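Remarks on the structure that follows.
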Amino acid sequence: MPREATTPEQAVPAATAQAAVAEEQKYLDVVYARLDELRAAYRRRLAEVRRGGPSGSPQNRSERDAFAAHYEDTVARLDHVENRLVFGRLDLRGGRDPRYVGRIGMSDAEHDQLLIDWRAPSARPFYQATAAHPGDVVRRRHLMTRARTVVGVEDELLDHAHLDEDVADGLTGEGALFAAMSAAREGRMSDIVATIQSEQDAVIRSPLDGVLVVQGGPGTGKTAVALHRAAYLLYAHRERLERSGVLLVGPSRVFLRYIEQVLPSLGETDVVATTMAELLPGTTATAPERAEVAEVKGRTTMAHVLGRAVRALQRVPGEVQELDVEGVTLHLRPEDVRTAMARARRSGLPHNQARETFALTILDTLVREYAAARGNDGDDPEDRAWLREDVRTARDVRRAVNLCWMPTTAHGLLERLYARPDLLAPHARGLSPRDRELLRREKGSPWTVADVPLLDELAELLGHHEQAESARAAAEARLQAAEEVRYAQEAITSQGLGMGMVSAEMLAERFAATGPRLTTAERAAADRTWTYGHVVVDEAQELSPMAWRALLRRCPSRSMTVVGDLAQRSGHRPARSWEEVLGAAGSEHVREAVLTVSYRTPATVMDTATAVMTALGAEPAYPVRAARDLPDSLATTRAEPAELAAVTAAVLRDELAALDAGAGRGAGRVAVIVPPGSERAVGAALLAEHDLREALTSGHGDPLGARVAVVDPVEAKGLEYDVVVLAEPAAVLEGGTGDLYVAMTRPTRRLHVVHSADLPAGFPSGA
Numbered sequence: 193m194p195r196e197a198t199t200p201e202q203a204v205p206a207a208t209a210q211a212a213v214a215e216e217q218k219y220l221d222v223v224y225a226r227l228d229e230l231r232a233a234y235r236r237r238l239a240e241v242r243r244g245g246p247s248g249s250p251q252n253r254s255e256r257d258a259f260a261a262h263y264e265d266t267v268a269r270l271d272h273v274e275n276r277l278v279f280g281r282l283d284l285r286g287g288r289d290p291r292y293v294g295r296i297g298m299s300d301a302e303h304d305q306l307l308i309d310w311r312a313p314s315a316r317p318f319y320q321a322t323a324a325h326p327g328d329v330v331r332r333r334h335l336m337t338r339a340r341t342v343v344g345v346e347d348e349l350l351d352h353a354h355l356d357e358d359v360a361d362g363l364t365g366e367g368a369l370f371a372a373m374s375a376a377r378e379g380r381m382s383d384i385v386a387t388i389q390s391e392q393d394a395v396i397r398s399p400l401d402g403v404l405v406v407q408g409g410p411g412t413g414k415t416a417v418a419l420h421r422a423a424y425l426l427y428a429h430r431e432r433l434e435r436s437g438v439l440l441v442g443p444s445r446v447f448l449r450y451i452e453q454v455l456p457s458l459g460e461t462d463v464v465a466t467t468m469a470e471l472l473p474g475t476t477a478t479a480p481e482r483a484e485v486a487e488v489k490g491r492t493t494m495a496h497v498l499g500r501a502v503r504a505l506q507r508v509p510g511e512v513q514e515l516d517v518e519g520v521t522l523h524l525r526p527e528d529v530r531t532a533m534a535r536a537r538r539s540g541l542p543h544n545q546a547r548e549t550f551a552l553t554i555l556d557t558l559v560r561e562y563a564a565a566r567g568n569d570g571d572d573p574e575d576r577a578w579l580r581e582d583v584r585t586a587r588d589v590r591r592a593v594n595l596c597w598m599p600t601t602a603h604g605l606l607e608r609l610y611a612r613p614d615l616l617a618p619h620a621r622g623l624s625p626r627d628r629e630l631l632r633r634e635k636g637s638p639w640t641v642a643d644v645p646l647l648d649e650l651a652e653l654l655g656h657h658e659q660a661e662s663a664r665a666a667a668e669a670r671l672q673a674a675e676e677v678r679y680a681q682e683a684i685t686s687q688g689l690g691m692g693m694v695s696a697e698m699l700a701e702r703f704a705a706t707g708p709r710l711t712t713a714e715r716a717a718a719d720r721t722w723t724y725g726h727v728v729v730d731e732a733q734e735l736s737p738m739a740w741r742a743l744l745r746r747c748p749s750r751s752m753t754v755v756g757d758l759a760q761r762s763g764h765r766p767a768r769s770w771e772e773v774l775g776a777a778g779s780e781h782v783r784e785a786v787l788t789v790s791y792r793t794p795a796t797v798m799d800t801a802t803a804v805m806t807a808l809g810a811e812p813a814y815p816v817r818a819a820r821d822l823p824d825s826l827a828t829t830r831a832e833p834a835e836l837a838a839v840t841a842a843v844l845r846d847e848l849a850a851l852d853a854g855a856g857r858g859a860g861r862v863a864v865i866v867p868p869g870s871e872r873a874v875g876a877a878l879l880a881e882h883d884l885r886e887a888l889t890s891g892h893g894d895p896l897g898a899r900v901a902v903v904d905p906v907e908a909k910g911l912e913y914d915v916v917v918l919a920e921p922a923a924v925l926e927g928g929t930g931d932l933y934v935a936m937t938r939p940t941r942r943l944h945v946v947h948s949a950d951l952p953a954g955f956p957s958g959a
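Following our numbering, the numbering of the sequence shown begins with 193 at its first residue and continues without gaps.
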């Protein structure tokens, strides 16, 4: 929320402002000089380790790899904090030295503190102190910097009783928060570390344990808070989380690219960021799917369906089976199969791994019968070995064991269940005939996002399939080898290695001798069974109960940060509570926090969006107030249906011109938000306008890079733009009230609605 006013606005002499800037510039120069020293030192150490090569004992190589990893990570961290390294200063009672707050902690060569990490307990007053409760803080100063230059400072005087005459002449003016809100968007999210507000800080520093649900309306900083919380937890619980890692789940790959700069800028690079579509290693889920089909797949009922389907792979024959082994007829009896099954199930192993216990038990029974038929008591170890080999390799035996306990893969079984209604029906209690029909699809159909939690459930029940895993591992090894050769070739070219006597293949083989050095994040991302120390979920209101089962499986400690907004949920099944949304996670130790201030959306737009939701019977459960308003932030233009495309182009042209005038030529981002399914048609119509083509194609296919993006409400979720042109809101509403709410609340400056149909209820009269 906006900072509390502590002093009335007052004119500040230019000389005072210049002196403050000059003072802070001197300190900034010292901090950046130390940063450069540290970078150079760690790069020298890294070069020394790399020169050592892969020779020596395994222990020496392991130690060298550990040092190299540490130096590489440190250099990367120091590189990423270059921008706005120092952003705050606290002046404290008692004449103590000022306390500078920045992205990382830093000391000089004599180990005196230069900079306090924003996550440290001693930095908390920078975010929490107020005029009513200043604590030891006399003055809080915000430093505005560009590259390595101080361009402005802003002071908040919190404790007048302890101010001297110089401090009383402190600066006021536009706060760092409002400056950040007013800045033109650049297509990527930036961190808010310099402008974290009190209610946000309380969430960020909340305890690690349990499920923390952060409910927040549009623009309240939910995503930023979640990312800063991940960085804070990695700082405060480094030892615990460094071993297990943190998993970040976002709604789309575009969204993850939108936020990808935030955590590195906060000094953290070792977080696994993924989507539900990519949660299962080796599985690509990109196919679209109807909402009604996804809803069926997302029900908890599907866990029971899949459990019964796996159990059905364990079959007891209805009668005695006769098996030929080297001309001897052996008998596989139902009671022997039941005994072997009971023993295998008691192992507690997944289906494919428990099969070994089942097969060995059956084999022992058949070997005894075979030995008796051969007139051999089987006591001699050598005799028993060849008898066992005869039985094990017999075609009839292998076939019978497989029919009784069929090994399979998650992908293979789910594909068969979808393609064969007769196979699905016996296990589908809880699903109606229409539900089963919705699930039906042909073999070979591409996977969808809703399939991933089902595949994950089956993978947990089945365990790995040795042959399938071996094939996948071989394919991954080939790709890894090719990547290592490519990297080696780049090293030879850029560094002049080998003097023409060493090939890329030779260099790659040499360095592979030490084994690949994988970070915790890389190891975790490649391992389906990896369990994380903490999980962060954004746009959590969209996840199904089956998706929550998959995430809980990855976090046995149940330490999660879940952020979202019930009012922004897509579709026509509104959620009444987070307990309903969370499924199995809702039964854990859950606590809720609410963010109440929108820093993005102007008040006029926010109030209109709330009025529309209320009129549609979907009033947000948690009121949100905007931190600011802007003149002319809401406009509507009506067009005849045949002229809608032309009018939209004209409106877009005007909005781009206004953005040029207000933010600078070519600055800022604009979204044309359209009803789902019409993106291509609208995009093509706008591209036909010659003067709009550059703005639409400036991203070269990257929706985050283009100055103008044509998206539907789902694609716009979690993103923000300077200006939104919303086309035909009545049609957007067909996707659910949440979609319209999302579309209306993306802009930081202006919402311009273009429509031919009547506007939904709640818009201002005359609009």
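For every residue, glycine included, the Cβ atom is placed at its ideal position computed from N, Cα and C.
Just so you know, these numbers come straight off a predicted model, no measurement behind them.
For this session: Could you tell me whether the region 785-804 touches the region 395-415, using the rule of 3 or more Cβ pairs below 8 Å?
Result: yes
Exercise. Below 8 Å, can you find three or more Cβ-Cβ pairs linking the region 939-951 to the region 914-924?
Worked result: yes
For this session: Could you tell me if S539 is buried or exposed, where buried requires 16 or more neighbouring beta carbons within 10 angstroms of its beta carbon?
Result: exposed
Exercise. Cβ atoms of L522 and E581: under 8 Å apart, would you say?
Worked result: no
Problem set entry | Own chain, CB closer than 6 Å to T557, minus 5 neighbours either side, in chain order | D528
For this session: Could you check the C-alpha separation between L911 and G442 for me, to the nearest Å?
Result: 12 Å
For this session: Could you tell me the boundaries of the beta strand (DSSP E) in which P939 lies?
Result: P939 to H947
For this session: Figure out for me which residue from A908, T601 and V520 has the closest Cα to the Cα of G655.
Result: T601
Exercise. Going by alpha carbons, who is nearest to G280 out of A887, D289 and G294?
Worked result: G294
Problem set entry | For R285, three-class secondary structure by DSSP | helix
Exercise. Counting pairs of Cβ atoms below 8 Å between the region 466-475 and the region 634-652, do you hit three or more?
Worked result: yes
Problem set entry | Alpha carbon of V179 to alpha carbon of L579, nearest angstrom | Lying outside 193 to 959, the shown extent of the chain, residue 179 is not represented and no answer is given.
Problem set entry | Range of the contiguous beta strand (DSSP E) that encloses Y913 | Y913 to A919
For this session: With a threshold of 16 other CB atoms inside 10 Å of the CB of A716, please say whether the residue is buried or exposed.
Result: buried
Exercise. Counting along the chain, where does the alpha helix (DSSP H) carrying T557 start and finish?
Worked result: H543 to A565
For this session: Assign Q733 to buried or exposed, taking buried as 16 or more other Cβ atoms, counted over all protein chains shown, within 10 Å of its Cβ.
Result: buried
Problem set entry | Simplified DSSP assignment, three categories, for G707 | Because G707 sits at a pLDDT of 45, beneath the cut-off of 50, its placement in the model cannot be relied upon, and the point is left open.
Exercise. Assuming T493 and L307 make a contact with CB atoms under 8 Å, what is their CB distance in whole Å?
Worked result: Not confirmed; about 54 Å, so no contact.
Problem set entry | Continuous beta strand (DSSP E) assignments of at least 3 residues falling wholly in the region 319-405 | 329-338 and 341-349
For this session: Would you mind reading off the limits of the beta strand (DSSP E) that contains V755?
Result: M752 to G756
Exercise. What three-state label does DSSP hand A268 in the structure shown?
Worked result: helix
Problem set entry | Residues that A818 bridges to, as DSSP identifies them | S790
Exercise. Pick from T337, D351, V345 and V342: whose alpha carbon is nearest that of G327?
Worked result: D351
Exercise. What is the DSSP secondary structure of D904, reduced to helix, strand or coil?
Worked result: coil
For this session: Determine the burial state of E240: buried for a count of at least 16 other Cβ atoms within 10 Å of its Cβ, exposed for fewer.
Result: exposed
Problem set entry | Residue from P638, T387, T415 and A209 with nearest C-alpha to A479 | P638
Exercise. Helix or strand or just coil, what does DSSP make of H603?
Worked result: helix
Problem set entry | Per-residue burial, G286 [other beta carbons within 10 Å of its own, 16 or more giving buried] | exposed
Exercise. Which residue from I396, V488, A225 and M373 puts its Cα closest to that of T753?
Worked result: I396
Problem set entry | F279 in three-state terms, based on DSSP | strand
Exercise. Are three or more beta carbon pairs between the region 792-806 and the region 768-775 nearer than 8 Å?
Worked result: no
For this session: Could you check what DSSP says for I308 in three-state terms: helix, strand or coil?
Result: strand
Problem set entry | Top-ranked residue by Cα proximity to E375, from G854, R236 and A818 | Note on identity: in this sequence residue 375 is Ala, with Glu being the wrong assignment. Answer by Cα proximity: G854.
For this session: Round the Cβ separation of H619 and V816 to the nearest angstrom and send it over; I've been treating them as touching at under 8 Å.
Result: Not a contact, Cβ separation roughly 45 Å.
Problem set entry | Where the beta strand (DSSP E) containing T723 begins and where it ends | Note, T723: premise wrong, no beta strand (DSSP E); not H, not E.
Problem set entry | Segments assigned beta strand (DSSP E), at least 3 residues, entirely inside the region 605-661 | none
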